[in-house]
Amino acid sequence: TGFGQYLFFDWRFLENGDPNPEFALNQPAAKGATILVARRNFGSGSSREHAVWALSDYGFRTVLAPSFADIFYNNCFKNGVLPVALPEDVIETIFQRAATVADYQVTVNLESLQVTDNQGLSEAFTVDPARRDRMLKGQDDIATTLQHVDKILAYEQAHGIA
Numbered sequence: 001t002g003f004g005q006y007l008f009f010d011w012r013f014l015e016n017g018d019p020n021p022e023f024a025l026n027q028p029a030a031k032g033a034t035i036l037v038a039r040r041n042f043g044s045g046s047s048r049e050h051a052v053w054a055l056s057d058y059g060f061r062t063v064l065a066p067s068f069a070d071i072f073y074n075n076c077f078k079n080g081v082l083p084v085a086l087p088e089d090v091i092e093t094i095f096q097r098a099a100t101v102a103d104y105q106v107t108v109n110l111e112s113l114q115v116t117d118n119q120g121l122s123e124a125f126t127v128d129p130a131r132r133d134r135m136l137k138g139q140d141d142i143a144t145t146l147q148h149v150d151k152i153l154a155y156e157q158a159h160g161i162a
């Protein structure tokens, strides 16, 4: 989509266009990250899909936060980004460890519905089963609908729509 270059632009870059050396995503440890850890109500004010497109295009596949704005949350699933709500104290633990533990790693396992880290953290999360299934299969709403194309065509023919 090309939106990744604009992700958090005003925070990632200084006014002269240079990368902001203090911004978290500009740190060497963040290079290639696929999991974004955020604070509560993440995505508030980002009701357009462009926000999720930017995250996805930048390389993020999962966002961990205590809560999400509703529209943003739904847009994540529509665009292959997994939003995972975790208790605020767990998010705080992840932030603290990311800042202090060398080679800190977090893993999100959609099959087992677990977030783990290399320091012993293990936290369960929930996802609507249908959304989980679509994410595991790499399907969007259109692909899911097309699984039923024979039934759709039969209905259209039976009702004189086609």
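Under the working numbering, the first residue of the sequence shown carries the number 1, and numbering increases by one thereafter.
Glycine included, C-beta positions come from ideal geometry on N, C-alpha and C.
Small disclaimer: the values here were computed from a predicted structure and weren't measured.
(message) Quick check: what's the CA-CA separation for residue 132 versus residue 17?
(response) By one-based count along the sequence shown, residue 132 stands at place 132. By one-based count along the sequence shown, residue 17 stands at place 17. Rounded to the nearest angstrom, the gap between the Cα atoms of residue 132 and residue 17 is 39 Å.
(request) Return the chain-ordered ranges of every beta strand (DSSP E) run that is complete within the region 67-115 and spans a minimum of 3 residues. (result) Fully enclosed beta strand (DSSP E) runs of 3 or longer: 82-85 and 106-109.
(request) Go ahead and pull the three-state DSSP assignment for residue 14. (result) Position 14 of the sequence shown, counting from 1, holds the residue named residue 14. Coil, per DSSP.
(request) Could you tell me whether the Cβ atoms of residue 75 and residue 52 are closer together than 9 Å? (result) Within the sequence shown, numbered from 1, the residue matching residue 75 stands at position 75. Within the sequence shown, numbered from 1, the residue matching residue 52 stands at position 52. In contact: residue 75 and residue 52 (Cβ atoms closer than 9 Å).
(request) Kindly indicate which residue of 14, 40 and 103 has the alpha-carbon position closest to the one of residue 86. (result) Indexing the sequence shown from 1 puts residue 86 at position 86. Nearest option by C-alpha distance: 40.
(request) Just mark residue 43 as buried or exposed, buried being the case when its beta carbon has 16 or more other beta carbons within 10 Å. (result) Taking the sequence shown and counting its residues from 1, the one referred to as residue 43 is at position 43. Buried is the call here.
(request) Give me the Cα-Cα distance between residue 113 and residue 79, rounded to the nearest whole angstrom. (result) As a first step, residue 113 must be located in the sequence shown, where it is residue number 113. As a first step, residue 79 must be located in the sequence shown, where it is residue number 79. A straight line joining the alpha-carbon of residue 113 with that of residue 79 spans about 19 Å.
(message) What residue range does the beta strand (DSSP E) around residue 56 cover?
(response) Position 56 of the sequence shown, counted from the start, is the residue given in the question as residue 56. Taken as a continuous stretch (DSSP letters only), residue 56 belongs to no beta strand (DSSP E), being part of the alpha helix (DSSP H) at 50-58.
(request) Compare the Cα-Cα distances from residue 56 to each of 8, 88 and 66 and report the closest residue. (result) Residue numbering aside, residue 56 sits at position 56 when the sequence shown is read from its first letter. Of 8, 88 and 66, the residue nearest in Cα terms is 8.
(message) Just list the residues that DSSP pairs residue 22 with in beta bridges.
(response) The residue labelled residue 22 in the question sits at position 22 within the sequence shown. Looking at the DSSP output, residue 22 sits in no beta bridge, so it has no partner there.
(request) Please work out which residues of its chain come closer than 7 Å, Cβ to Cβ, to residue 166, disregarding the five sequence neighbours upstream and downstream, and give them in chain order. (result) This structure gives no information on residue 166, because the portion of the chain shown stretches from 1 to 162.
(request) Could you tell me the distance, in whole angstroms, from the CA atom of residue 50 to the CA atom of residue 3? (result) Here residue 50 corresponds to residue number 50 of the sequence shown, with the count starting at 1. Here residue 3 corresponds to residue number 3 of the sequence shown, with the count starting at 1. Residue 50 and residue 3 have their C-alpha atoms roughly 7 Å apart.
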